[in-house]
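According to my numbering, the stretch in the sequence shown is residues 79 to 610, in order.
Ideal placement from N, C-alpha and C gives every residue a C-beta, glycine not left out.
Computed from a predicted model, the values in this text were never measured in an experiment.
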Amino acid sequence: METALQAIPDTFAIHPLHTKEYLVDGKLHTWTGPTTEVYSTIYTPNEKGEEAPTLLGSIPDMETETALEALDAAERAFGRGQGLWPTMKVADRIKCLNNFVEKMKTCREEVVKLLMWEIGKNHADAQKEFDRTVDYIYDTMEAYKKLDRRSARFDKEGGVHAHIRRGPLGVVLCLGPYNYPLNETFCLLIPALIMGNTTIFKPAKHGVLLITPLLKAFEESFPPGVVNILFGRGRKIASPIMKTGKIDVLALIGHSSSAVALQDLHPNKNRLRLVLGLEAKNPGIILPDADLELAIKECISGTLSYNGQRCTALKILYVHKSISEEFNRRFAEAVDQLKYGLPWEDGVFLTPLPEPSKPAYIQELIQDATEKGASILNTRGGELTHNYSYPAVLFPVNDSMRVYHEEQFGPVIPIIAYDDINEPLDAMAKSEYGQQVSLFGRDIRKLGPLVDTLANLVCRVNLNSACQRGPDVYPFTGRKNSAVSTLSVFDALRSFSIRTFLASKDNPYNNEILEALLNSKESNFVSTDYLL
Ligand code: G3H
79 METALQAIPD TFAIHPLHTK EYLVDGKLHT WTGPTTEVYS TIYTPNEKGE
129 EAPTLLGSIP DMETETALEA LDAAERAFGR GQGLWPTMKV ADRIKCLNNF
179 VEKMKTCREE VVKLLMWEIG KNHADAQKEF DRTVDYIYDT MEAYKKLDRR
229 SARFDKEGGV HAHIRRGPLG VVLCLGPYNY PLNETFCLLI PALIMGNTTI
279 FKPAKHGVLL ITPLLKAFEE SFPPGVVNIL FGRGRKIASP IMKTGKIDVL
329 ALIGHSSSAV ALQDLHPNKN RLRLVLGLEA KNPGIILPDA DLELAIKECI
379 SGTLSYNGQR CTALKILYVH KSISEEFNRR FAEAVDQLKY GLPWEDGVFL
429 TPLPEPSKPA YIQELIQDAT EKGASILNTR GGELTHNYSY PAVLFPVNDS
479 MRVYHEEQFG PVIPIIAYDD INEPLDAMAK SEYGQQVSLF GRDIRKLGPL
529 VDTLANLVCR VNLNSACQRG PDVYPFTGRK NSAVSTLSVF DALRSFSIRT
579 FLASKDNPYN NEILEALLNS KESNFVSTDY LL
């Protein structure tokens with residue numbers, strides 16, 4: 079399973095990127111303090127000629143003092159709602175976003191390459207992540223225009239005219255995950271910005287250098303203090319910022335342990351809004367009449383795309399006893415056919431894991447399950463290298479095993495054979511998570527009532543297909559510990575804003591003022607201008 083390192087094509091060769099820049103108050107500053115080296119878990123020969131993790135560069139290890147300066151800058155830019163950004167015309171905010179996305183597109187190649195080296199994403203998926211993010215920005219601008227068009231009017235109820243819009247919430251702290259360090263972070267940052275909030279953003283531990291080519295574009299596209307980008311450790315940056323109580327929205331995609339710890343630091347919890355995408359343990363349920371070929375294909379992509387490091391990944395499979403033997407055999411064979419290799423190799427599906435400790439963790443789960451009675455069904459399951467543990471298909475799994483409960487976020491697939499459909503339903507009801515489910519079958523008399531139940535246990539039921547977040551226009555959320563608030567191109571605009579309005583009693587005195595106000599263009603909020 080070792081990979082041929084000498085075969086790195088020139089296009090993907092990497093040169094260390096030692097970045098000292100960070101963005102605060104609209105200016106790129108040079109960090110003069112300590113820095114942290116960034117390594118890839120892909121091994122290449124080091125200066126002694128020994129194979130070792132590849133040095134990709136370094137980032138500032140910033141101190142609390144600078145983090146608080148960024149907070150001040152964001153607060154000033156919001157200016158208790160009077161700042162340039164929160165009061166700016168919709169059309170002008172869109173111009174800034176447009177400007178940014180045009181500049182961002184010129185960095186595609188560099189960002190894609192860093193995605194491959196930093197987090198081991200294969201070339202096709204790394205390109206997809208970049209392009210999907212660019213599309214998301216364009217779609218967000220369109221959705222915002224639409225929202226604005228719908229608000230360009232007055233309502234009249236109970237003798238009161240109302241001009242209702244969505245307004246910003248204040249200062250947003252954005253923290254993204256390592257598995258989609260560009261896409262998921264920007265799916266928080268962009269809607270937060272377009273709604274008029276000001277932001278502080280710290281990239282995840284892995285997938286951090288890839289933000290640096292975009293710093294200039296941020297600097298040139300937004301007014302001072304609207305976007306602030308910091309590098310370093312959460313405890314020196316995010317924690318002290320939260321402790322001040324000045325953050326209005328915590329926007330985080332990641333683990334609930336971080337989200338809860340950060341919320342706990344905020345002194346005014348009722349003031350803090352949350353936009354969180356957290357863990358999940360999405361099950362695949364394979365009914366007796368499922369099309370096995372289709373179910374296997376979808377379960378392979380559902381469990382193992384990007385090595386299972388997706389919050390939407392299928393993390394446990396429930397297969398009906400009557401088909402379990404055939405499913406297990408064919409699924410295990412299909413897993414062994416998957417190509418493991420370096421992210422730039424043609425047709426590669428499985429790639430190195432970016433977290434150095436992940437292979438050992440996956441091995442722990444395998445060992446725990448096998449000690450408690452499960453077998454590894456596929457020949458290559460659990461083959462170990464310095465940066466990978468080949469996907470292991472574990473069967474039969476039960477609730478005494480860690481892999482039954484823990485979100486593995488990596489290449490190991492637990493399978494359970496069930497007799498009665500209430501077994502997976504009970505397990506889902508008991509689970510801490512409630513994001514999505516994949517349901518494989520055909521008989522509508524079985525599917526109908528099942529969909530009715532499943533829709534109340536999770537937030538998306540995927541019929542005969544793997545779980546996924548996209549298309550990004552659809553709501554992405556979860557029940558229980560899986561999420562707080564809803565994201566989608568449109569829903570994110572709602573999540574990062576609040577409805578606020580001008581109310582005016584219907585009388586000649588007020589009506590005259592309103593009309594004059596509308597004609598004068600003195601207010602950006604009170605406007606019936608129509609944005610095409
Ligand atoms: O990690 C969670 C992502 O939101 C999953 O997105 O389903 O498009 O891979 P995806």
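Inter-residue distance for threonine 448 and leucine 354 is about 34 Å (C-alpha atoms, whole angstroms).
The alpha-carbon separation between aspartate 446 and leucine 293 amounts to approximately 45 Å. Using a cutoff of 6 Å, the CB of cysteine 252 does not count as near the ligand G3H, since none of the ligand's heavy atoms is closer than that. Annotation for proline 301: Gly104, Ala155, Leu162 and Trp163 place their beta carbon closer than 7 Å to its own, counting only its chain and skipping 5 residues before and after.
Of the other Cβ atoms in all chains shown, 16 or more fall within 10 Å of the Cβ of glycine 310; this residue is therefore buried.
Taking C-beta atoms under 8 Å as the contact rule, proline 281 and glycine 303 fail to qualify, at a distance of about 19 Å. The alpha-carbon separation between lysine 183 and alanine 169 amounts to approximately 21 Å.
Across the structure, tyrosine 117 and glutamate 433 are spaced so that their CA atoms are roughly 10 Å apart.
CA-to-CA, the gap between lysine 126 and proline 94 works out to about 17 Å. For tyrosine 256 and valine 190, the gap between their C-alpha atoms comes out near 14 Å. Counting C-beta atoms within 10 angstroms of its own C-beta, proline 123 has fewer than 16 neighbours from the protein chains shown and is therefore classed as exposed.
Ordered along the chain, residues surrounding the ligand G3H are Asn257, Tyr258, Glu262, Arg388, Cys389, Thr390, Gln546, Arg547 and Gly548 [Cβ under 6 Å from any heavy atom]. Fully contained in the stretch 361–443 are the following beta strand (DSSP E) runs of length 3 or more, in chain order: 392–398. Taking threonine 144 as reference, the option from Gly111, Pro131, Lys167 and Pro430 with the minimal CA-CA separation is Gly111. By the CB criterion at 7 Å, isoleucine 268 and isoleucine 215 fall inside the cutoff. Here arginine 538 is buried, its C-beta having at least 16 other C-beta atoms within 10 Å. For threonine 184, the three-state secondary structure derived from DSSP is coil. A check of alpha carbon separations from proline 437 across Val475, His483, Gly386 and Thr390 identifies Gly386 as the nearest. Counting every other CB atom within 10 Å of its CB across the protein chains shown gives leucine 571 a total of 16 or more, marking it as buried. When the Cα atoms are used, leucine 287 and lysine 199 turn out to be separated by approximately 14 Å.
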